[in-house]
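Chemist:
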Amino acid sequence: MMRTNVDGVFFASRAALPHLAVTRGCIVNVGAVSALGGDWGQAAYNMTKAAVRNLTSAMALDHGDEIRVNAVHPGVTLTKPYYRAALAEGTPLRKRFAERVPMGRPAEPEEVAAVIAFLAGPDAGYLNGVHIPVDGGLTASNGQTDLYRSDE
0 MMRTNVDGVF
10 FASRAALPHL
20 AVTRGCIVNV
30 GAVSALGGDW
40 GQAAYNMTKA
50 AVRNLTSAMA
60 LDHGDEIRVN
70 AVHPGVTLTK
80 PYYRAALAEG
90 TPLRKRFAER
100 VPMGRPAEPE
110 EVAAVIAFLA
120 GPDAGYLNGV
130 HIPVDGGLTA
140 SNGQTDLYRS
150 DE
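So for the sequence shown, numbering that gives the first Met the number 0 puts the first residue at 0; every next one is plus one.
1. Determine contact between the segment 52-72 and the segment 82-91, defined as no fewer than three beta-carbon pairs at a distance below 8 Å.
2. Determine the contact status of GLU107 and LEU60, defining contact as a CB-CB distance below 7 Å.
3. Between which two residues does the alpha helix (DSSP H) harbouring ARG67 extend?
4. Excluding five sequence neighbours on each side, which residues of the same chain lie with their C-beta closer than 6 Å to the C-beta of VAL129?
5. Under 7 Å between the Cβ atoms of ASP145 and GLY74?
6. Which of helix, strand or coil does DSSP assign to THR78?
7. Taking the C-alpha atoms as reference points, what is the distance between GLU110 and MET46?
8. Near ILE131, what residues of its chain come up, given a Cβ to Cβ distance below 8 Å and the 5 sequence neighbours on each side ignored?
9. Taking DSSP's pairing of strands, which residues face VAL27 in a bridge?
10. So, with DSSP's three-state summary, where would you put PRO132?
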């Protein structure tokens with residue numbers, strides 16, 4: 000996981016920096032909502048995505064005079080048939096998911112791509128070091144249950 004999630008981002012960014020400095024390009028890293036808080040049973044994954052988050056911030060500071068460096072942090076995204084089946088309407092996992100995510104559903108890949116496109120485009124020209132969770136509102140919560148919801 001370190002090689003893929005951290006080394007891959009670091010070395011690809013380092014290789015691109017000279018070109019991006021000349022073209023005034025930008026970097027949009029793809030982290031994960033897991034970079035912003037822990038998940039049960041995923042310590043290694045969480046660690047690598049948190050490293051991408053911090054690398055994004057450090058690069059934004061170090062290179063912000065020439066290029067912008069930002070990140071998106073998707074929540075569960077329906078990128079694989081397994082996820083689509085496990086999170087299909089009516090499944091127990093979908094019910095548990097809906098209890099935690101205010102929008103009540105996982106993301107579609109296109110929804111994450113749209114945020115990446117925005118960050119890479121001219122409308123985000125003054126954004127640098129930004130971390131956008133694309134998570135249906137998951138990180139809006141402090142984790143406490145809805146004390147006022149009635150299940151009756």
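Even for Gly, the Cβ is constructed at its ideal location relative to N, Cα and C.
Keep in mind the model is a prediction, meaning the values are calculated, not measured.
Modeler: Let's see:
1. no
2. Here residue 107 is taken as the residue at index 108 of the sequence shown, counted from 1. Here residue 60 is taken as the residue at index 61 of the sequence shown, counted from 1. Result no, Cβ atoms of GLU107 and LEU60 do not sit closer than 7 Å.
3. The residue you call residue 67 lines up with position 68 of the sequence shown. Note, ARG67: premise wrong, no alpha helix (DSSP H); beta strand (DSSP E) at 67-73.
4. To locate residue 129, count along the sequence shown from 1; it is residue 130. The residues are ASN69.
5. As a working note, residue 145 is residue 146 in the sequence shown. As a working note, residue 74 is residue 75 in the sequence shown. Going by C-beta atoms, ASP145 is not nearer than 7 Å to GLY74.
6. Locating residue 78 in the sequence shown gives position 79, counting from the first residue. Correct three-state label for THR78: coil.
7. For this step, residue 110 is matched to residue 111 along the sequence shown. For this step, residue 46 is matched to residue 47 along the sequence shown. So the alpha carbons of these two residues sit roughly 25 Å apart.
8. Counting from 1 along the sequence shown, the entry for residue 131 is found at position 132. Around ILE131: ASN69, ALA70, VAL71, HIS72, VAL114, LEU118.
9. In the sequence shown, residue 27 corresponds to position 28, counting from 1. According to DSSP, which records beta bridges pairwise, VAL27 is partnered with ASN69.
10. As a position in the sequence shown, residue 132 is number 133, starting the count at 1. If DSSP states are grouped into helix, strand and coil, PRO132 belongs with the strands.
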